[in-house]
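There are 2 protein chains.
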Amino acid sequence: MSEIDLTTLRIVRAVADEKTLSGAAALLGYSQPAVSQHLSRASARLGQPLVIRAGRTVRLTEAGAVLARHAVTVQSALDAANGEISELGGLRSGAVRVAAFPTASATVVPRLLGAMAARYPGVRLSYVEVEPPEALDLLRNGRADLAITFRYPDDWSDPHARYPDELTMAPLFDDEVLIAEPAAEDRDGSRTTLQQYSSSEWIAGCPQCRGNLLQACQTAGFQPRIAHETDNAAAVLGLVANGLGVAQLPRLALSSVTVPEEVRLVRVAGMPSRTVHAVALSAARGVPAVDAALLAAVELDVGDWTSPA
Amino acid sequence: MSEIDLTTLRIVRAVADEKTLSGAAALLGYSQPAVSQHLSRASARLGQPLVIRAGRTVRLTEAGAVLARHAVTVQSALDAANGEISELGGLRSGAVRVAAFPTASATVVPRLLGAMAARYPGVRLSYVEVEPPEALDLLRNGRADLAITFRYPDDWSDPHARYPDELTMAPLFDDEVLIAEPAAEDRDGSRTTLQQYSSSEWIAGCPQCRGNLLQACQTAGFQPRIAHETDNAAAVLGLVANGLGVAQLPRLALSSVTVPEEVRLVRVAGMPSRTVHAVALSAARGVPAVDAALLAAVELDVGDWTSPA
DNA sequence: GCTCAAACATAACGCAGAGTTATGAATCAC
DNA sequence: GTGATTCATAACTCTGCGTTATGTTTGAGC
C-alpha cells in the first residue's frame, strides 16, 4: 500500500550518489531506461518529481532527498535482518530446545548436546526432561524443537501414532529390555521366557513402560502382579537386589547406574525391545538448527548402549 | 537483490500479530492463499521457513521473528518518509528559493514572499537579488527555484531565449518604460518621440537595459551618448533632476523611490515596455512548492505597478 | 464419535508491473 | 560543429503476485 517500494529507495540512493541515471543503473545492474522509467512511475505515485533533469545530469528534488535519507535506515535494517538470517542459516546462531525422557538425560542427551555445542558454538541449547508423551506435546506446542523419545512396538497408546504425518522420526537405536531378577534365584540353563516370571512380584514404573509389560505378559498368558512402583532405575535395582521382585529394565537405563551383585540381568524371549527416536515436527524441517540437531542425533555413536554391557 | 521485500515484512508482521494466515490476510486486504503462497516463496528465497504450522494456527520460526522484529524499523522509516513527502505535497514543508532583479526586490518579491508565507507557513522562503541572466543560471544550477525576471521585446541577447523548453515562464505584467527628463526642459504639447532625445546625454545602467535603449535609439535613427552609468534609480533621478541628462526608467523602478520635483516622466512612442515574468524550470513543474510559488506569482495584485503613478 | 466450522495448502489462471532492447533528442566538451 | 554522453520514449516480454476454486486437516461442540 505504501507508495514507496524498496527498488525506488535503492534507485534514489544510487542516483544521489552517482548524480546520473546511467551511473545509478550501472551501479545497480539495471539498464538506463529501467531507472528512468522506474523514477517516472514512482514520481507519479508520490505525486511529485523525485529528480529534476539539470542539463545532462540530474539532481534530486526535496522529495527525492527525503527518500534518499530514509533509504539508509531501511537498507541497514534490511541488511541486519539478512545478516541475522544468514547466521541462522549458517548455524552461527539459533536455538535448539531438546526434550527427552529421564533415562536419556544421562546418556543420549549429554552426548547430543555436546556434539551440537562443539560443532555449532553459536547455537543456544536447552533441555527439559519429560516423558515421551509430554515431549511430543512440547513439540506440537512449539515449546521444544527436538524430542528424544522411545516407543514400544504394538503399543496401542503410542503417542507417536496419534500424529502420523506431523512428526518426522529418526530411529536412533534399539534399546533392549532386560529382566532384572535377584541373582539368588535358581536358574537352570534353559532358555529364559517371560512365562517363568508369571508368579513373580513385579516392580514397574511409568505408564508407558508398564503398558509394555502388561502387553508382553498378556501375550505370554498371564497378568503380572505389580507390587512396587518406581521409575528410578537405581531404586528398582535396589528392590530387586533385596529380593522384593523382578522388573523390566531397558539397557539404556542400566548404562548410567551400577548394577548390584545381587541382581542378575537376563534376556527374555518374547520381550520386545523399545526403539529410541529423535523426533521433530515435519513442519520444522528446513529450520537449520532443527535439521542440524536431527542429523547430529542420527550420527551419534550409540555402540555402548546397544552392545551388551 | 535483497531476498527480503516489503510485502514479506508486512505479511510476517501481520502474522506475528494475528497468529493466523487468514487473520493476516484479512488485516492486509489479501486473500488467504496470497499470504500462504507469499510466505512459501519467501521461505524458499531465504532458505528456511518463516512460519511453522502448529495445529490449525501458525507460529513464526526464529527467522520469521527476525523479520518481524526488523519490520517495525523498516515500517517506521517508510512511514516517516511518506509523512515527509505528504508534508511536501501539502505544502506544510518545502522550500522556495527566489531570485529576482533589483527593482523587484522592493516590490514584487516582498509581496510574493508575503503571500507565500501567509498561505504556507511551513514553507521555507529565501531570496537572492541578481540580474535576470544570473537568475536563470541559478535556476539551471539548481540554486534557485523561482526567478522573477524581465525581458525586453526584440532583445537579441535575451537570456530566456537560450533555453526554449527548459523554462516555464509566467508573464506577470507589462512594465512600461518611461523617459525621465529635467522638468526645466522645454516641452511643446506635441506627442513625444524618442527622436527628440537624440542629442541628449543619457544615463544608463545594466547591460540588458542599456541594450534596450540602444536598440530603441537605433530604430529611432540615432545612437545615444551615454555619459553616466548607474543602476540605482534614486541616483538616476538625482542626475536627471540636476540636468545632467535623461534616462529610461521602468515604472516598477519608480514605484519605490520618490521622484524629485525637478524630474518629469514622459511616455515616449516607440519605447518598448518590458515584461516581468515568473520563471521556473519546466522540469520542476510538479514540485509542490514550485507550483505554488508560480501560482502565487501570477495571482499577485500588480495594479499599482501598471497603472500610471 | 461425528459433524461442522475454521484454517492452511494446492491448482489453475489472469494481469500488471518491471525489466529488456532499440531508437531519438538534448547537452556539453573539444 | 562534431562526437560522446546522458536522459526519454516506444514496443515488447516475461516473471511474479495476486485472484478464485477446491481439497485437506484440525479442533470444538453436541
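Top line first, the protein sequences correspond to chains C and U.
Position 100 (the first sequence) corresponds to 100 in our numbering; numbering is contiguous.
So our numbering is basically just the index in the second sequence, starting at one, shifted up by 1000.
We put the beta carbon where it would ideally sit given N, CA and C, even for glycine.
Same chain, Cβ closer than 7 Å to residue i, five either side skipped, listed in chain order
i               : result
G1270 (chain U) : T1193, L1194, A1216, T1219, A1220
R225 (chain C)  : E201, W202
E181 (chain C)  : V240, V246, R264, V266
Secondary structure of residue i, DSSP reduced to three states
i               : result
T7 (chain C)    : helix
T61 (chain C)   : coil
A1309 (chain U) : Because the pLDDT at A1309 (chain U) is just 47, under 50, the model does not fix this residue reliably, and the value given afterwards should be weighed accordingly. Coil.
P1329 (chain U) : A query on residue 1329 (chain U) cannot be resolved here, the shown segment of chain U reaching from 1001 to 1309 and no further.
M169 (chain C)  : strand
L1249 (chain U) : strand
R1111 (chain U) : helix
A1117 (chain U) : helix
D1175 (chain U) : strand
R56 (chain C)   : coil
R1151 (chain U) : strand
L194 (chain C)  : helix
L139 (chain C)  : helix
S1002 (chain U) : coil
E1131 (chain U) : coil
L1078 (chain U) : helix
V302 (chain C)  : coil
G1211 (chain U) : helix
L312 (chain C)  : Given a span of 1 to 309 for chain C in the structure shown, any question on residue 312 (chain C) remains unanswerable.
G83 (chain C)   : helix
G243 (chain C)  : coil
T1230 (chain U) : coil
S1105 (chain U) : helix
S1256 (chain U) : coil
S1043 (chain U) : helix
C1206 (chain U) : coil
Distance between beta carbons of residue j and residue i, contact taken as under 8 Å
i               : j               : result
E1336 (chain U) : G1114 (chain U) : Any question about residue 1336 (chain U) goes unanswered here, given that chain U covers just 1001 to 1309.
F173 (chain C)  : V302 (chain C)  : 4 Å
Y1127 (chain U) : A1292 (chain U) : In fact, because the Cβ distance is near 16 Å, the residues do not count as touching under 8 Å.
A1063 (chain U) : L1046 (chain U) : 6 Å
V12 (chain C)   : L1078 (chain U) : In fact, because the Cβ distance is near 13 Å, the residues do not count as touching under 8 Å.
A1170 (chain U) : H1277 (chain U) : 6 Å
P1250 (chain U) : V1298 (chain U) : Their Cβ separation, rounded to whole angstroms, is 20 Å, which puts P1250 (chain U) and V1298 (chain U) out of contact at 8 Å.
A1147 (chain U) : L1136 (chain U) : 6 Å
E166 (chain C)  : L281 (chain C)  : 6 Å
L1027 (chain U) : A1014 (chain U) : 5 Å
L21 (chain C)   : V58 (chain C)   : 6 Å
Beta-bridge pairing of residue i - partner residues as DSSP gives them
i               : result
S1126 (chain U) : U:R1097
R225 (chain C)  : C:E201
V1051 (chain U) : U:L1060
L1088 (chain U) : Note: L1088 (chain U) sits in no beta bridge, so no partner.
L146 (chain C)  : C:V98
Close-in-space but distant-in-sequence residues of the same chain around residue i (CB under 8 Å, 5 per side omitted)
i               : result
E1229 (chain U) : I1203, A1204, G1205
T7 (chain C)    : H38
M1116 (chain U) : V1096, V1123, L1125, A1292, A1293, A1296
Q223 (chain C)  : L214, C217
L1300 (chain U) : V1108, R1111, L1112, A1115, L1172
Residues near residue i by beta carbon distance below 6 Å, same chain, minus five either side
i               : result
S43 (chain C)   : P49, L50
A1309 (chain U) : Interpretation of A1309 (chain U) is limited by its pLDDT of 47, a score under 50 that renders its predicted location unreliable; the figure taken from the coordinates is listed afterwards. So the list is empty, once near-sequence residues are dropped.
T1103 (chain U) : L1252, A1253
F1101 (chain U) : E1131, P1132
Y163 (chain C)  : none
Y1197 (chain U) : V1246
R1092 (chain U) : G1122
R333 (chain C)  : Here chain C comprises residues numbered 1 to 309, so residue 333 (chain C) is not present and cannot be evaluated.
A1099 (chain U) : V1128, V1130, A1135, L1138, A1144, A1147
**Message:** So within the region 11-35 of chain C, which uninterrupted alpha helix (DSSP H) runs reach at least 4 residues, ignoring any that extend past its ends?
**Reply:** The region 11-35 of chain C contains these whole alpha helix (DSSP H) runs: 21-28.
**Prompt:** Considering only residues of the region 258-300 of chain C, which uninterrupted beta strand (DSSP E) runs meet the minimum length of 3 residues and lie entirely inside it, listed in chain order?
**Reply:** Within the region 258-300 of chain C, the beta strand (DSSP E) runs of at least 3 residues that lie entirely inside it are, in chain order, 263-266, 274-281.
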